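Protein chains: 2
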Amino acid sequence: MKPLSDLSLGQRVMALIEDLSRHTDEPGRLTRLYLSPAHRAAAEATKGMMQAAGLAAHIDALGSVVGRLDGKNPQAPALIIGSHIDTVVNAGRYDGNLGVVLGIVVAEALKAEGIVPSCPIEVIAFGDEENVRFPTTLSTSLALSGSYDLAWLNGKDAQGITLREALQKFGGDPDGIAALKRDPSRYRGYLEVHIEQGPQLEAQNLPVGIVTAINGATRARIRVTGEAGHAGTVPMAMRRDAFAAAAEMTLAIERIGLLHPDTVATVGVATVQPGAVNVIPAQVDFALDARSPDDAQRHAMVEAIASECRAIAARRRVDFTFEPFTDSPAMPMDRGLMGEFEKSVKSLGFPARLLPSGAGHDAMAVAALCPVAMLFVRCKGGISHTPAESITVEDADVAARALLETVKRIVA
Amino acid sequence: MKPLSDLSLGQRVMALIEDLSRHTDEPGRLTRLYLSPAHRAAAEATKGMMQAAGLAAHIDALGSVVGRLDGKNPQAPALIIGSHIDTVVNAGRYDGNLGVVLGIVVAEALKAEGIVPSCPIEVIAFGDEENVRFPTTLSTSLALSGSYDLAWLNGKDAQGITLREALQKFGGDPDGIAALKRDPSRYRGYLEVHIEQGPQLEAQNLPVGIVTAINGATRARIRVTGEAGHAGTVPMAMRRDAFAAAAEMTLAIERIGLLHPDTVATVGVATVQPGAVNVIPAQVDFALDARSPDDAQRHAMVEAIASECRAIAARRRVDFTFEPFTDSPAMPMDRGLMGEFEKSVKSLGFPARLLPSGAGHDAMAVAALCPVAMLFVRCKGGISHTPAESITVEDADVAARALLETVKRIVA
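One line per chain: the protein sequences are A and B, in this order. Going letter by letter, the first sequence gives residues 401 to 812 in our numbering. Going letter by letter, the second sequence gives residues 401 to 812 in our numbering.
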């Protein structure tokens with residue numbers, strides 16, 4: 401094993417990240433939406449990096465970049481390493497791109513060490529993870545398991561351009577989508593490295609952590625309807641103040657979210673009607689976002705929240721509706737692949753910290769094809785989706801070594 | 401005294417209210433903004449009603465309608481009865497107009513009874529109470545004490561028309577404003593009847609109540625700044641959620657407002673940034689409206705609120721600013737005039753219920769000229785500023801009798 405003071409892999413990761421970060425649709429900041437000119441440029445650059453690493457690479461019908469190393473036995477079930485290269489508006493450079501670059505750096509390292517894997521390795525750069533331009537999300541990774549819904553091609557961006565039109569302009573092929581479906585018997589697993597996008601690893605002073613599950617999420621629209629009134633003339637005791645009721649519900653949601661260390665419950669949006677300084681609020685619309693790595697726990701949490709809010713509404717004599725509009729199940733990671741990541745992290749001298757992923761990732765979609773596992777990398781302040789997104793070269797190096805060790809063991 | 405089954409005064413009030421309600425700037429609903437064509441038409445109609453009641457009437461330099469009955473001694477200090485005839489957009493018909501009509505009905509009743517008052521009586525229909533069209537409020541009633549600020553003439557409405565231009569188009573006279581100032585020694589008092597705009601009289605099954613004071617009000621902008629974060633990835637315990645903090649502050653404000661029966665404290669507006677279902681709120685801007693009939697009590701209340709919010713902010717590690725932007729003192733009503741109202745209400749067989757006014761009124765402005773008192777009339781559901789504003793003919797009759805008895809005693 402290379403000495404810990406050698407940061408060559410981390411430096412290589414940072415260099416490739418730097419290269420990729422140049423491809424943006426907006427000068428001065430990083431914005432690279434699915435099927436945009438910057439996405440095309442970044443996909444071409446990624447293809448070039450893959451080819452330089454010895455992979456046979458192409459850009460597929462949906463714009464994903466696929467690089468393949470056949471190894472000793474091209475018929476053996478392949479290992480996929482991947483993530484995405486689309487970004488949010490005014491993004492950081494690591495989200496998604498890090499996982500793609502790490503796949504390339506690992507391929508380079510295998511080549512440099514003269515290792516020919518026993519099975520094929522694919523590195524994939526997906527293109528539609530961030531759900532910014534079109535109504536779709538994870539569409540490019542869902543295509544691998546044949547889960548692409550062709551109706552998605554009719555979805556439009558803010559300019560009214562359909563996904564189909566954008567895909568054609570990009571150079572993709574709507575007619576080639578069905579053929580992207582893979583045969584599950586040909587794949588042994590999918591590994592994705594991603595920045596944590598949360599503060600837990602930083603708080604525990606750890607460079608990496610192993611994901612246990614991608615949390616399931618419930619989202620619900622909540623509406624509280626009270627009665628408007630003059631803020632000066634209606635006595636406190638006679639009010640049916642929708643905002644005071646919503647405030648009490650928000651605190652109940654926070655309290656219930658705090659009951660378990662792995663659950664979260666958030667009120668991120670609230671609008672007050674009529675919304676004047678001297679008018680008692682008549683209506684508040686707000687939304688719950690509740691997540692847990694365990695679906696039963698999440699359902700119990702949401703039920704407790706709804707029931708508590710209903711009691712608050714009754715006591716305050718306000719009307720109350722609670723409408724769940726998302727119920728996405730938790731996606732547990734594969735125990736076998738998690739174990740490989742654990743071994744690698746421990747071999748580098750770090751504790752194998754397990755943590756759930758609060759955010760969704762391409763791994764969720766690829767799980768319909770083969771076993772998946774994810775490694776999280778500490779990011780500064782837990783911040784993502786802003787230019788302030790940051791990781792250290794030391795942590796990039798640990799992530800690269802952990803992934804390399806894991807891949808070596810799997811493809812040995 | 402006329403028998404209680406005789407509702408002739410109440411019926412007359414309702415008939416005049418009906419007449420006035422026809423003057424609107426918007427067909428199908430009542431909207432009569434200061435210096436609009438409908439205001440001009442309503443002012444002319446009011447002048448006609450005053451003249452029919454035997455008053456010498458004119459429309460003054462600011463558009464107020466002033467009717468005067470000289471009585472036996474034109475040099476004696478006069479009694480003013482008044483309120484306003486401007487309305488909000490999509491208004492009810494009673495707010496303001498009721499107090500003007502009652503002055504006219506009382507003048508009619510004195511005439512019908514052959515009573516010549518010992519001192520002059522003026523009935524005034526002010527024009528700028530609702531603070532809808534121009535930045536000003538109470539400007540026409542403030543002019544009586546010489547408190548009109550000529551800079552107000554430069555204020556603009558939503559169409560960019562200055563108050564000066566609108567006044568000239570109305571037929572008013574910017575150069576005549578200074579001359580509207582009255583000599584305080586020539587005025588003995590001002591009586592204003594107004595709908596309660598709150599639910600207290602209805603809850604206590606009383607037709608009228610005597611106002612103790614117009615509440616003082618503090619308004620403050622409150623900003624809570626926490627830290628944005630991914631709603632799925634930041635553990636509850638590590639959050640600095642601005643909305644959860646604002647919710648806790650809102651409940652503290654409500655709790656403190658409830659400590660005294662005559663105080664109110666309201667959060668009527670709140671905006672959440674960035675305001676997405678899956679993002680922990682970074683910043684919430686909201687506003688406090690706190691009122692009390694007693695200034696010391698109000699200041700203590702606001703101090704308690706600020707201090708409690710500061711403690712919440714400290715405990716939650718969020719930044720907090722609290723900027724009062726209004727501090728209008730309470731305006732106690734004149735004890736002597738209140739006593740006259742009390743006698744009259746009791747003489748009609750009703751308890752003399754005392755209550756503060758949560759809203760502002762022209763009486764606040766006239767108080768700089770002479771002693772003032774107000775009588776509140778029960779309104780359905782405590783509702784005002786909507787077409788649903790409603791009072792009964794029975795209550796209008798009680799209000800007219802109470803005002804008539806009071807005026808008779810004062811001008812005897």
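Cβ atoms here follow ideal geometry from the backbone N, Cα and C, with glycine treated the same way. Fair warning: this is a prediction, and the values are worked out from it, not measured in the lab.
Could you check which residue in the options has the C-alpha nearest to that of residue i?
i, options, result
"A752 (chain B)", "B:I791, B:D695, B:A676, B:P607", "B:P607"
"T666 (chain B)", "A:Q673, A:V664, A:V677", "A:V677"
"A682 (chain A)", "A:P574, A:V624, A:S692, A:N497", "A:V624"
"M733 (chain B)", "B:M701, B:I622, B:L748, B:L591", "B:L591"
"E654 (chain B)", "A:I653, A:E648, A:A652, A:G657", "A:E648"
"A642 (chain B)", "B:G675, B:G527, B:M731", "B:G675"
"P729 (chain A)", "A:T562, A:T618, A:E530, A:A491", "A:T618"
"P724 (chain A)", "A:V532, A:A620, A:A711", "A:A620"
"A491 (chain B)", "B:A603, B:H699, B:F534, B:G428", "B:G428"
"D762 (chain A)", "A:L542, A:V684, A:G632", "A:L542"
"D486 (chain B)", "B:A646, B:Y494, B:G527", "B:G527"
"L804 (chain A)", "A:A566, A:T792, A:I480", "A:I480"
"A812 (chain A)", "A:L409, A:T424, A:I515", "A:I515"
"V523 (chain A)", "A:K447, A:T562, A:N473", "A:K447"
"M450 (chain A)", "A:V501, A:E426, A:R735, A:A441", "A:V501"
"A631 (chain A)", "B:A578, B:D575, B:D689", "B:D689"
"M731 (chain A)", "A:G668, A:I791, A:L737, A:A613", "A:A613"
"E530 (chain B)", "B:Q568, B:R422, B:T431", "B:T431"
"K569 (chain B)", "B:Q475, B:A461, B:V702, B:P693", "B:A461"
"D425 (chain B)", "B:L538, B:A525, B:V488", "B:V488"
"A453 (chain B)", "B:N473, B:E418, B:R422, B:A509", "B:A509"
"I610 (chain B)", "B:S744, B:A441, B:A525", "B:S744"
Taking Cβ-Cβ distances shorter than 7 Å, what residues in chain E pair up with residue i?
i, result
"S784 (chain A)", "This model lacks chain E altogether; the protein chains it does include are A and B."
What span of residues does the alpha helix (DSSP H) with residue i cover, start to end?
i, result
"F643 (chain B)", "642 to 657"
"P437 (chain B)", "437 to 452"
"E418 (chain B)", "408 to 421"
"I504 (chain B)", "497 to 512"
"A566 (chain B)", "563 to 570"
"E530 (chain B)", "Careful: E530 (chain B) lies outside any alpha helix (DSSP H) and carries neither H nor E."
"V766 (chain A)", "762 to 766"
"Q673 (chain B)", "Taken as a continuous stretch (DSSP letters only), Q673 (chain B) belongs to no alpha helix (DSSP H), being part of the beta strand (DSSP E) at 664 to 673."
"M738 (chain B)", "735 to 747"
"T618 (chain A)", "Note, T618 (chain A): premise wrong, no alpha helix (DSSP H); beta strand (DSSP E) at 616 to 625."
"E426 (chain B)", "Run containing E426 (chain B): none; DSSP gives neither H nor E here."
"T721 (chain B)", "Here T721 (chain B) belongs to no alpha helix (DSSP H); instead the beta strand (DSSP E) covers 719 to 728."
"A457 (chain B)", "Careful: A457 (chain B) lies outside any alpha helix (DSSP H), inside the beta strand (DSSP E) at 456 to 459."
"L542 (chain A)", "539 to 542"
CB-CB under 8 Å to residue i, same chain, minus the five flanking residues each way: which ones, in chain order?
i, result
"R639 (chain A)", "G626, E627, G629, I680"
"P584 (chain A)", "S545, L769, C770"
"G758 (chain A)", "Q597, G598, N615, V664, R691"
"E740 (chain A)", "A773, T806, R809, I810"
"K815 (chain B)", "Missing from the structure shown is residue 815 (chain B); chain B here goes from 401 to 812 and no further."
"E789 (chain A)", "A491, G492, R493, Y494, D495, I595, C779, K780, I783"
In terms of residues, what are the limits of the beta strand (DSSP E) holding residue i?
i, result
"E708 (chain B)", "Run containing E708 (chain B): none in the beta strand (DSSP E); it sits in the alpha helix (DSSP H), 695 to 715."
"I791 (chain A)", "Here I791 (chain A) belongs to no beta strand (DSSP E), and DSSP marks it neither H nor E."
"R588 (chain A)", "587 to 595"
Under the assumption that residue i contacts residue j (Cβ atoms under 8 Å), give the Cβ distance between them as a whole number of angstroms.
i, j, result
"G496 (chain B)", "G782 (chain B)", "At roughly 17 Å, the Cβ-Cβ gap does not stay under 8 Å, so G496 (chain B) and G782 (chain B) are not in contact."
"A645 (chain A)", "I705 (chain A)", "Incorrect: roughly 14 Å between the Cβ atoms, too far for contact."
"L420 (chain B)", "A438 (chain B)", "That belief does not hold up - the Cβ atoms of L420 (chain B) and A438 (chain B) are roughly 10 Å apart, past 8 Å."
"A478 (chain A)", "R588 (chain A)", "7 Å"
"A796 (chain B)", "V413 (chain B)", "4 Å"
Going by beta carbon distance, what residues of the same chain come within less than 6 Å of residue i, once the five residues before and after it are set aside?
i, result
"D827 (chain B)", "Since the displayed chain B opens at 401 and closes at 812, residue 827 (chain B) lies outside it and no answer follows."
"V664 (chain B)", "G657, R691"
"R533 (chain B)", "L433, Y434, D557"
"D719 (chain B)", "T625"
Spatial neighbours of residue i within its chain, please: C-beta separation below 7 Å, excluding the five flanking residues on both sides.
i, result
"D637 (chain A)", "It should be pointed out that residue 637 (chain A) corresponds to Ala in this sequence rather than to Asp. Closer than 7 Å at Cβ, skipping near neighbours: no residue."
"G410 (chain A)", "V793, E794, A796, D797, A800"
"S518 (chain A)", "G471, K472, N473, A476, V811, A812"
"L455 (chain A)", "G467, R468, L469, A507, V523"
Next on the checklist: Counting only Cβ-Cβ distances shorter than 9 Å, please list the residues of the segment 529 to 544 of chain A near chain B, keeping chain order.
Outcome noted: Within the segment 529 to 544 of chain A, no residue qualifies.
Item to check | Contact list for the segment 661 to 683 of chain A against chain B, Cβ threshold 9 Å | outcome: Listed in sequence order: P661, D662, T663, V664, A665, T666, V667, G668, V669, A670, T671, V672, P674, G675, A676, V677, N678, V679, I680, P681.
Next on the checklist: Please identify, using Cβ separations under 9 Å, the residues of the segment 588 to 601 of chain B that lie next to chain A, in order along the chain.
Outcome noted: Correct list: E596, Q597, G598, P599, Q600.
Item to check | Residues of the segment 682 to 701 of chain A whose Cβ lies closer than 7 Å to any Cβ of chain B, in chain order | outcome: Those residues of the segment 682 to 701 of chain A that come within reach of chain B (Cβ to Cβ, closer than 7 Å) are A687, D689, R691.
Checklist entry - Name the residues in the segment 632 to 652 of chain A whose C-beta lies less than 9 Å from a C-beta of chain B; which are they? => result G632, T633, V634, P635, M636, A637, M638, R639, D641, F643, A644, A646, A647, E648, M649, T650, L651
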